[in-house]
Structure formats: structure tokens, C-alpha cells
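Asks:
Chains as they are written, first to last, in our numbering: chain A, 1 to 332; chain C, 333 to 664; chain Y, 665 to 996; chain W, 997 to 1328.
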């Protein structure tokens, strides 16, 4: 089968025919229907220090996928052949302290689908039974693949608690765009997007953001009840603190590549709360996400801007890096 | 009367005989019984940028006080002459948005007793009726003065929610020491103090900390459910993040003089929450604080290490700056 | 001026010309523009035991009003003549424990506008300065009067936390209808209304409820994340417990006239939480309510079904008691 | 082996020699060291309607146990032969909605150790691997058996949030007694016990309750921040509502045998919250409970008043029913 591999340490990937692997005990094998590219995949491509620490080649990359189960190896009372399933990226061990106190998504020994082990940018993939999510057939097939990043946004907005609140979304990549959509559905009084790139601001406006800004004007300082930091830029933390209202809340989601530097005193003087989101609550967030998609309140196709064949991966990565895109789909 | 004044911009203070001022409309006049020195008073003495921004000389400094009401100018249904009262430092305006939504302690137009206007390092002082707290007579007189910083610690520990939790207190000045005592009363499973100064660690041990540390050993990384940052050092934020457990909580209280720099990614990878405390909830925290003192569960005299006459202020400030002290009392 | 009075103990009211009263110290006088009838007013009319306990005649009744300030007697930094204002019904004393710990709406010595003292079913009314809410001019005038009951619903739905949740509203009087509208705006996944009266169910459907039911079928037992009890019927508590999902939440708002009886074990077996709402948070709820009306997300005119002159009060009360109505407005 | 069986429907139990059963797949076999009698066991003995609904004879009863693992049948990475373990009574299925959203203790298909299937009043017992708790060896052996009811109290007090609060414990059976001990450790300002039986009040006083009452005097109405209903009496709900302060919290734990009847209006007028507890959070509560026992802050031996051989079960049940006891231990 065709697969996108990180074959050795360093930048770049390899497109290659590889044998379809056996289905390990406790896993299912799926025929991949759609996959989608995540910002993390760019880091994997570029071989950032964060990736270098977590990824041991050779590995099939890709963690946002939807596929059809063609084989089950082990006890799986909720699954059967033919089910259309997605994968939760955080493979939890179910035995550590965090798993046992119901924080499985921040498992102390978490392994990552698609960068800690083989993922899904390939014609076939295997997924652990306990991180396999069975999809509701009313959800559009493409959306099923993008459900994992949407889940991040659902968790961000749920933790934020936006009903009746004025919300700033910093960074308008796919998770930022999704966060804005979810904030609208969950009753935010106003949702404002912030991004330096015009393409992204336009897209945000189209999908329902109330306003978009290139930079935050000083007159808006201290006016946001909630600020969602989804960009991972190092200079946005100070802006987030400035934007937040007294007693406001910041949600940290984007991971910067370097240390951040800012005035900690602002945090205290305004008595701001920072909550952070590492991923989706397992499985609370998935149920919420699924409901939003079934109801049609969130239509993920609005942010899917490009579709490529798996063999066109390099081209897709090029568009991804240009920033002139929403979510990019891969079709095996 | 004798008073400690910041007479002009720049370092230092002036001890001076000044006339006893009139009691403004809406205020009470008290004969000061005790006052105590706060870390902020050191900043006022040294004329730090933060102070330079907030303080317009000439001003009588000092905000931790207890006194007896000798005059009331205005409607004060809860007060009468002879009452022994303390002052809430945050003079709220009761008309801004934050006051109206029950966050009076972070009033948008807050004025500060003892650095935004005349305070209490003097024989007589006037306090707004609406920020005057009537003390319960069962509380030791000295403790009444130190109730305001204890209140900070009570709010820190209440926000932290320490029952059954392992707690690290970073910085063992009076608020750090108080935070440790409150954490013990409120059911922390273990309270560990961190300070570079041996004097402070010894004092912490005496008053009930389970353990004290000079530096945090790597083996304790990721083991604290709650980390209270009470030092205001710029390099402790990274240590706080390292110390905190996955899904742990950091309480930000100490205000550093410069920007902090740290790895924001740790925050996200561990899904840590940061809550911050600007002062005492008005009046929730005061009721809680008062209860702790009435019951005898907290004995503030254990952290009072020095007592000076008001006229010995320079000497007191010297001890304060040496760091070889707990709380320092001033007696007018 | 014309006023609706409870002149003596017992059922009924009196329409009567009375002199316009002086404006007491600390109050404003308003020319009433609109008033609206509340379920409590029916109890006042009928002289229920609850009312008999709280109301000492003679009193001008009516607590939902909007008017224009024509006189101010006292300090009122936020108000001026010509302001269009509404009244918060709960006149708090600002000195009791609950007021001091920021629960002013449940003041220990609360007095009620329109049944603990003169209210607003009259051409002119006086309102305490500290319970006067200045309206934003973008809100439709009629809605300003209905803002107080809408506030109850906003507080109910805010406490419930409905984002992504399946919600049952029991009782489709004006507060139930409002609760449904707010639940939709704040992101409930489905809002179902329950009422025996067809008129009310039809109205609910028109204003956006997803579904309405005459009785709760057994197959829906255990399926609601949130149940809002807005009817005050004694037999609905057991139905609420049956309707709620395991780990669900019930919001108690409607006050039954007699004791309720139910199986407390269901509460425990399902680990249900019951939160209750006595009124609007002062002023958090008012800000939220105002935002919903300014934005146009809630249009209260949709539930206003009848308009009467003040002199037609008896006719209005007749319609009110028939149950074939939404909100009924009175025009002085 | 000797076992206590409910052999057939109706009151009473049978002491009988039965063969030691095989260890089913996915379970461990333990040699029971101690067992303890729960209030539920009285209901089982008496064959109450609640029990009649859940229990299909023949079954070995008893769910509070500690034993040594002598056989493991299945994957159990955290367990090995010789481990001293206790049993979580709620056998969750790990596949229902509640299990998947991290509420395993209120599993939709929960099965009960010792009344939904064979339990532990016998010389040997088998426990599902996934509900087996491995004990810390520093905990006294007897306490390990009583850890399960203590866990209920830990969850009650944790949900209540008692730091600095005045707490009323209604019902001073073993869980009520434990709740009082935990409330003291977790920082309650005052813990008051309520029980009609002098024996129980005396025991409560000995183990650290601040005060005990036979009935609640009217002057204490409205003074408790937290009321824990641990008695299961039908007439205590109204008393709980009377006892609670405005904005107070009631924790529902005790399950009455009949419908309760009370004034729902009090709930609303005081804006009281009722939270309920069905059992221990799995495994959060167990970690907390274990910490309390390891630290010695809770010494369960203080409430163990009687010890009987398993063969003396009828005698033990007699004492249990007399109410003149704390916790009763059984020794196989």
C-alpha cells in the first residue's frame, strides 16, 4: 500500500509502497477513507525539536483519519466489521494515575497515533480498540476525519464557558476556525478572530465570526471575557493578557516553539485565570463533537479548502505551509 | 502626630510630626493601635517603577493597621465609636462593572489605602466607612493588624482547594508562611515550603510546614497538586510549572518586578490551570479569616518576630530588608 | 393617579385614584411606561398563604415595570432625569451577611417591590436608587418591563449550563418560555417543553422550542441532561427526577403551594444535582439579560400576547388566570 | 468454606459450608482477612423492597472486605499473588455512556458485589480485576475493610467542600461518623452531629465531633453552610432544609425506604443546592481515602466497636440492629 513515512531523522517525508501490516492484538484494521493534515504534521515534516524528542523513525505519519473496519483482533464489544471509525490520537494506557482518576487524555504514559507509532496517512491503518471511535452515520464522511481537531476546539470552548461572553480567538488555523464556530453555537455574545493573514481572516468571516482583526487595537484592551490562544506564537501571550478583561479567562492551546516572555503582574492585577487544553476529554468531548456534527450546527466542510490524493502529499504540504488554506484533506 | 511619609518621589521615607487630619465625609477616624509592614512598603521605600506609577507624594504610607474608632463622619450602621477596626486596602468605588458584578476587590477604579492615598503608619488615620472591618474582640489585637495579609493567603488557599492535596508554597515571607498555615488547617495532605533563606525555612518548620526545601530537587518534579507562587521572583514560574503535577493548579500571587520567561508548552502538555489572586474577596475572605483567628486554629503571633516603635521605622525597614524576619509590627 | 391596590387582606384588588406619593430619600420617581403581570401577581390577587405572610395592605402592587425618571432624591451617580429604568424586585439591605458576601439577591432582610412595599401598577412609582437598572436605549421599550422575569430565566439557564445539553423545560408560562429561548441561544442541543395546555405548547413551538410535550412518555425517562422546573406544580418534582439522566441536573425555580412528595432515592441512585434560583444575580444577570436583548438574540415581543390599559386590570387578570396567554402588558 | 448466604427470597440468612468457587476469567481469588457489616446488609437480611428488586438468591452476601490474592485469572498488570486488596462494590461495565464519560461509579449497568452477585462474607471470595484495589501496606488491616464506607464519606465531604464551613452531619452510623472525621481533617470550622441515639452521639463526641445534638433546636435553623444527610430517615429532609443557611448546600447520601415529603419552597427561597452521592468516585476517592489512612489523620479503629467470628453472624446482626454500635468486623 502507499504510505507517507518519516523514514529517518531530519526534515522531509517519504512516499513509499509498504506492505500492509498485521493487525496487532487489541487493535482494529481500517481501510482509510479520508485523512487530514494537522499543524503537528508540519512540525513532523520539518523535524522540530519537539518532534525529534517524540518520534523514532521509521513511522507512518498522520493522525486525523476516518476508515472502515476490515479486521478486529481482540475483544471489542462496541465495534464490528464495516463500522466507520475515527481514531483518538492520545493512546492512553489505562493504568497510570491520571487514567485511573479519569484524565485519560493526559495519560502519564500517553503514546501518539501517527508520531509515537504508525498512524494513518496510508491506505490501511491499525488503531487500538480502546482509542477507536465509532461514528454516527449521519455525519458527513469528510467531517469524521476532522472530528479530532474539532474536538480540541470543543474542549477549549467548553472549558472557557462562553455563553453570553465576548470571545477573542487568537490564531485562525483550523482549530481556531473551529473554536469560533463552536463559540457561536454555544452562545458567545461576540466572537472576534485575530490573524495576520488576510486569507484566514476572510475564511473566518465567511464561516460566522462576528469580526476579524489583523492586530488588536489598544481600545479593545481589557474588553474580552475569554481569550483562546490557538496560534502558538510566542508574542501572543502578552496580547492575550492585554485583551482579557479583569477577572477574564485565557485558554492556552497553541504550543509555541520557544520560551515566551511577558508581564506576569498583569495576570495578577487583573486576576486572570489561565486554563489549558492538551486534547479532547475521552470520551466526553467526542460525544459533544459528534452531537454538533449530527445536528448540522457545525458544518466542517466550510473549512475544508483543499483535497489532494495521498500521492500528492508534497503538494498538499506546500499549500499547508503557505497558510493560504483551511483544512486540507488527503484521499488514499 | 508622628507619621511615616513618602514626601517626594524617590527612595526613602520621612518621619515627621504632622497635624491630625479632619475626618472626610464617609470615613472614620481611628487611633492606630498596631500597624504592620508589608512587602509593598519595601517597594514604596525603594520607589520601584510599580510604586512610582501609583503613588503621588506626599502621602502617609502603611496599609496594615488596627485601630479604635474615635470619630465617624457619615452613615455607618454597622460601626460605632470604640469599635476596634481594621482596613481593607482596596478602596472600591461600588459603581464600576466589577463592583456591580460582585468583584469589588478588583474594582476597575480601585484606590489603595496607604499608597494611593493616606494610610496608617501614624498615630491617627482615617478609613472609608465602606472598607472598614469591625473586629471580633476574641481575636488578639496584634493579629487584627496582620489580618489583611493573612486574608491574601486565605484567598490563595481557598482558590487552590487544598483538601487532600500535596501543596508547595514558593516564597516564605509572611503571606507564604500564612498560606502554609491555612493549607494545613484546610486539609492539605502535605505542605512543603521553598525558600533560599535559612531563617525563613526554620520559621516555616516551626509553625507547622511538613517539610522545607532550599531548592526543588528534580525527583519532586511533577508531584505537587497545588503550587502557590508567593515569592514574586521571576525565575520561579518555570519551577512552579515543573513542580506541578499533570492537571495540577498554580496560584499566582507574588508580582515579579520584571517580565518572566518560561516554557508555555509545559503548561499545555500538563494541562495545568493558573489562577491568580489580587487580594481578599470582599467580604467573604474577611469572614473566613476572622473565623480562623477566633477559633485559634491560626495564631498569627507565631510569625510576628519583631516589634518596633513607629519612630524606629528605619530600623524596622532594615530588618525587613535583611529578610531575617517574619512579620514586623509597628507601635505608634 | 390611577393605581392597582391591595387595599385589605383577602382576594381581589382595588382600582383607585390615589395621590402621587413623595419620592422618599434614596429613591427615584418614575413615570411608568409599561408594566407586566407576573404569576406572583395572581397569588397576590388570590391572597395565597405565601402572600398573606409577606404583604401588609394597603399596597400598590406590581413589580415588573419600565419608566422614565422624573425625580431623584439622593446620591445616584449612575442615574439622571430622563433615564429609562427598570426595577430589580429584590430590595437588598446591603448590610446583612449575604449582601456582604456578594449574594445580594438573597439578602437576609430582602424587601419586595410591589408586595413588600408599593410597586408599579400605577402611573407613577418610586424605586430605591440601589435597585434601579438603567436601560440601554437599543432595547424595545416593552421588553424593558419583561426583563425582570427574563432575568430569572437567564439565571436558571446560566446555573444549568446548557451548552451541548438536552434540556427539558417543565411549565411554559412566561419564565418557562423565556428559559427555552435562552437555552437555545446558549447552545442547548435540544430544548423540549412540557405543558398540559395546548395554547402554551403552541406558543413554545412558535418561539423556537425543538419539541413540546403534553406529558413525558416513559421512553424519555433518564434522557435529559438538564431539567428546569418552572411550573411550581407539586407533582412535577417526581417527573423531573424521572426525566433527568444519571448525573443530570435539576434547576428548581417554580414554588409549589403545598408540600411535595417524591422518591428521594432516585436522586441518590442517579446522583442528581438540584440547584435552585430565587431571582436574578444582582447585577450579573441584568448585564447578561441586557446583552441578549440588545443583540436581538432574544425578542421578548414574541411572548407578549396581550396588552391592556391599566384600568382594564380585572380583564387582564381574567386572561392571566385562563392560562391562554403569554406575557400580558399593562399600559398606564 | 463457611459462607453467609441469602439462600432464598425473604428475611434471614443461612450460614453454610459451601465449596470454594472457581476464579472466573477476569477475576482474582482472595482469602478474606476481614469483612465488615454495612447498613445495606441489614436491608438484605430483612429483605426490603429495594433489596428484593436487586438480589436474586442464592448469593453469598457481604461487600466490605479485605483479603490476600491467592489466584489471578486474566491480565492484571497492577496486581500479583500476595497483594492485600479491597473491593470496590460498584462493578462497572466500562462500556456504557456514564463509564465512557468518566462516571464509572454510576455505571448504567452497574452490578453490586455482595448483592447483585457473590460477595465476601466467606473464607474465600472472587473479585473482578477491574474493581480490585491494591492496598498500601502502611494502612491497618482492619481499616482496609472499612475503606469502602469511609470512601462514601470522603466523597460526601469532598463534594460538600467544607473548608471554613459549619457542617451538620445528620445520622451517626459509620458513614456519618466517618463524614464527621473527614470534615474535621478537611478544615470544617465546626462539625455538629445529630442522632436520636445516645450511644452514637457519645461515640461521635469521642472521635472528634465538636458538638452532638439529639434534635436540632430552632435557634440553629439557617446556620449551617453544609448539611450532610447520612441517615436515610424520611423526616430529616425538612430538617436539613431548615438547618441549611441561605445559599447553603445539602449532600444527599442516605436512602429513605419511603417517599419523603417537604416544603420545596424553602429550597428556592434559600437558594439551596442539593448534591447527591451514590458511592465512591472510581478511583479518585480511593486515592484520597488511602492517603487519609496512610497519614494516620483518620484512624478507623476508633469507630470499630465490635468484632465477631464469621460463624457468629447472627449475633453480629443483632448488635447491628440494636444501633448500639459503630462498625462491626467479621473475622472468617
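Note that CB positions come from ideal geometry on N, CA and C, so glycine has one too. Every value quoted in this text rests on a predicted model; they were computed, and no experiment measured them.
1) With distance defined between alpha-carbon atoms, name the residue in A:277, A:99, A:103, A:130 nearest to residue 179 (chain A).
2) Does DSSP put residue 1045 (chain W) in a helix, in a strand, or in coil?
3) With 7 Å as the limit, tell me which residues of the segment 88-107 of chain A have their beta carbon closer than that to any beta carbon of chain W; keep them in chain order.
4) With 16 other CB atoms within 10 Å as the buried threshold, where does residue 255 (chain A) fall?
5) Run down chain W in chain order and give the residues with a C-beta less than 7 Å from the C-beta of residue 78 (chain A).
6) Say whether chain Y places a C-beta atom closer than 7 Å to the C-beta of residue 616 (chain C).
7) Quick one: what's residue 741 (chain Y) bridged to in DSSP?
8) Whose C-beta lies closer than 6 Å to the C-beta of residue 1321 (chain W) among residues of the same chain, with five residues either side of it excluded?
9) May I ask which residues mark the beginning and end of the beta strand (DSSP E) holding residue 486 (chain C)?
10) Short of 9 Å Cβ to Cβ, which residues in the segment 264-294 of chain A face chain W?
11) So, at 6 Å on beta carbons, what are the nonlocal neighbours of residue 1306 (chain W) in its own chain, with the 5 sequence-adjacent residues on each side left out?
12) Chain W beta carbons: is any one of them nearer than 7 Å to that of residue 446 (chain C)?
13) Let me know the secondary structure DSSP gives residue 983 (chain W) once reduced to three states.
14) To the nearest angstrom, report how far apart residue 465 (chain C) and residue 420 (chain C) are at their CA atoms.
15) Runs of 4 residues minimum, wholly inside the segment 591-645 of chain C: which ones carry the alpha helix (DSSP H) assignment?
16) How would you label residue 1048 (chain W), buried or exposed, when you count the other beta carbons within 10 angstroms and need 16 or more for buried?
17) Please report the distance separating the alpha-carbon of residue 1151 (chain W) from that of residue 445 (chain C).
18) Are at least three pairs of beta-carbons, each pair with one atom in the segment 1228-1247 of chain W and one in the segment 1259-1278 of chain W, less than 8 Å apart?
19) What in chain Y is Cβ-close to residue 1257 (chain W), meaning under 9 Å?
20) Given that a residue counts as buried once 16 or more other Cβ atoms are within 10 Å of its Cβ, and exposed if not, what is residue 463 (chain C)?
21) With 7 Å as the threshold, decide whether the Cβ of residue 786 (chain Y) is near any Cβ in chain A.
22) Just reading off the alpha helix (DSSP H) that residue 1025 (chain W) is part of, what are its end residues?
23) Got a sec, what are the start and stop residues for the alpha helix (DSSP H) residue 681 (chain C) sits in?
24) Taking C-beta pairs closer than 9 Å, name the residues in chain W that residue 490 (chain C) reaches, listed in chain order.
25) Using a C-beta to C-beta distance shorter than 8 Å, which residues of chain Y count as neighbours of residue 1249 (chain W)?
26) Specify whether the segment 1191-1200 of chain W and the segment 1212-1224 of chain W touch according to this definition: at least 3 beta carbon pairs, one from each stretch, less than 8 Å apart.
27) What do you reckon, are the CB atoms on residue 573 (chain C) and residue 592 (chain C) nearer than 7 Å?
28) In or out: residue 612 (chain Y) buried (at least 16 other Cβ within 10 Å) or exposed?
29) Counting only beta-carbon atoms, is residue 851 (chain Y) nearer than 7 Å to chain A?
30) Find the nearest neighbour of residue 1022 (chain W) within the set W:1054, W:1142, W:1070, judged by alpha-carbon distance.
31) Just the C-alpha distance for residue 1191 (chain W) and residue 740 (chain Y), rounded to the nearest angstrom, thanks.
32) Take residue 301 (chain A) and list the residues in its own chain whose beta-carbon comes closer than 8 Å to its own, dropping the five residues that flank it on each side.
33) For residue 20 (chain A) and residue 185 (chain A), what's the separation of their Cα atoms in angstroms?
34) Indicate whether at least one CB of chain A lies closer than 7 Å to the CB of residue 572 (chain C).
35) Could you check what DSSP says for residue 834 (chain Y) in three-state terms: helix, strand or coil?
36) Going along the chain, which unbroken runs of the alpha helix (DSSP H) with 4 or more residues stay wholly within the segment 1187-1256 of chain W?
Replies: On the basis of the supplied data:
1) Start at 1 with the first residue of the first chain, and residue 179 (chain A) comes out as number 179. Minimum Cα distance to residue 179 (chain A) is reached at A:277.
2) Position 49 of the fourth chain, counting from 1, holds the residue named residue 1045 (chain W). Helix, per DSSP.
3) If you check each beta-carbon in the segment 88-107 of chain A against every beta-carbon of chain W, the ones closer than 7 Å belong to 95, 100, 101, 102.
4) Here the question's residue 255 (chain A) lines up with position 255 in the first chain. Looking at its Cβ environment, which holds 16 or more other Cβ atoms inside 10 Å, residue 255 (chain A) is buried.
5) Working through the first chain from its first residue, we reach residue 78 (chain A) at position 78. Within chain W, the residues placing a beta-carbon under 7 Å from that of residue 78 (chain A) are 1091, ordered along the chain.
6) The count along the second chain starts at 1 and reaches residue 616 (chain C) at position 284. Residue 616 (chain C) belongs to the set of residues whose beta carbon lies under 7 Å from a beta carbon in chain Y.
7) Within the third chain, numbered from 1, the residue matching residue 741 (chain Y) stands at position 77. None, per the DSSP bridge assignment.
8) Taking the fourth chain and counting its residues from 1, one reaches residue 1321 (chain W) at position 325. Answer for residue 1321 (chain W): 1301, 1302, 1315, listed in chain order.
9) Locating residue 486 (chain C) in the second chain gives position 154, counting from the first residue. Not the beta strand (DSSP E): residue 486 (chain C) falls in the alpha helix (DSSP H), residues 473-492.
10) Cβ contacts with chain W: 281, 282, 283, 284, 286, 287.
11) For the purposes of this step, residue 1306 (chain W) is identified with residue 310 of the fourth chain, where counting begins at 1. So the list reads 998, 1326, 1328, once near-sequence residues are dropped.
12) Looking up residue 446 (chain C) in the second chain gives position 114. It does not: the Cβ of residue 446 (chain C) has no partner Cβ on chain W nearer than 7 Å.
13) Outside the shown range of chain W, which is 997 to 1328, sits residue 983 (chain W), and nothing can be said about it.
14) Taking the first residue of the second chain as 1, we reach residue 465 (chain C) at position 133. Taking the first residue of the second chain as 1, we reach residue 420 (chain C) at position 88. One C-alpha to the other measures close to 7 Å.
15) Counting only runs of 4 or more, we get 596-601, 616-626.
16) The count along the fourth chain starts at 1 and reaches residue 1048 (chain W) at position 52. A residue is called buried once 16 or more other Cβ atoms fall within 10 Å of its Cβ, and residue 1048 (chain W), having fewer, is exposed.
17) Residue mapping note: residue 1151 (chain W) aligns to position 155 of the fourth chain, counting from 1. Residue mapping note: residue 445 (chain C) aligns to position 113 of the second chain, counting from 1. About 43 Å.
18) At 8 Å Cβ cutoff, the stretches touch.
19) Locating residue 1257 (chain W) in the fourth chain gives position 261, counting from the first residue. Neighbours of residue 1257 (chain W) on chain Y, chain order: 923, 924, 925, 926.
20) On the second chain, residue 463 (chain C) is found 131 positions in, with the first residue counted as 1. Residue 463 (chain C) is buried by the Cβ-count criterion.
21) As a first step, residue 786 (chain Y) must be located in the third chain, where it is residue number 122. Chain A, which has no Cβ nearer than 7 Å to the Cβ of residue 786 (chain Y), makes this no.
22) Counting from one through the fourth chain, the residue named residue 1025 (chain W) turns up at place 29. Note, residue 1025 (chain W): premise wrong, no alpha helix (DSSP H); beta strand (DSSP E) at 1023-1032.
23) Here chain C comprises residues numbered 333 to 664, so residue 681 (chain C) is not present and cannot be evaluated.
24) What you label residue 490 (chain C) is simply residue 158 of the second chain in a count that begins at 1. Ordered by position in chain W, the residues that pass the 9 Å Cβ test against residue 490 (chain C) are 1159, 1160.
25) As a position in the fourth chain, residue 1249 (chain W) is number 253, starting the count at 1. Within chain Y, 932 have C-beta atoms less than 8 Å from the C-beta of residue 1249 (chain W), given in sequence order.
26) Cβ pair count under 8 Å is below three, so no.
27) The count along the second chain starts at 1 and reaches residue 573 (chain C) at position 241. The count along the second chain starts at 1 and reaches residue 592 (chain C) at position 260. No, these two residues do not count as a Cβ contact at 7 Å.
28) Any question about residue 612 (chain Y) goes unanswered here, given that chain Y covers just 665 to 996.
29) The residue labelled residue 851 (chain Y) in the question sits at position 187 within the third chain. Yes - at least one Cβ of chain A is within 7 Å of the one on residue 851 (chain Y).
30) The count along the fourth chain starts at 1 and reaches residue 1022 (chain W) at position 26. Looking from the CA of residue 1022 (chain W), the closest CA among W:1054, W:1142, W:1070 belongs to W:1070.
31) As a first step, residue 1191 (chain W) is located in the fourth chain; it is residue number 195 there, counting from the start. As a first step, residue 740 (chain Y) is located in the third chain; it is residue number 76 there, counting from the start. Looking at the two C-alpha atoms, the distance is approximately 53 Å.
32) For this step, residue 301 (chain A) is matched to residue 301 along the first chain. These residues qualify, in order along the chain: 140, 142, 143.
33) As a first step, residue 20 (chain A) must be located in the first chain, where it is residue number 20. As a first step, residue 185 (chain A) must be located in the first chain, where it is residue number 185. If I take the Cα positions, the gap works out to 41 Å.
34) Counting from 1 along the second chain, the entry for residue 572 (chain C) is found at position 240. Chain A, which has no Cβ nearer than 7 Å to the Cβ of residue 572 (chain C), makes this no.
35) Position 170 of the third chain, counting from 1, holds the residue named residue 834 (chain Y). DSSP places residue 834 (chain Y) in strand when its eight states are reduced to three.
36) Fully enclosed alpha helix (DSSP H) runs of 4 or longer: 1194-1202, 1232-1239.
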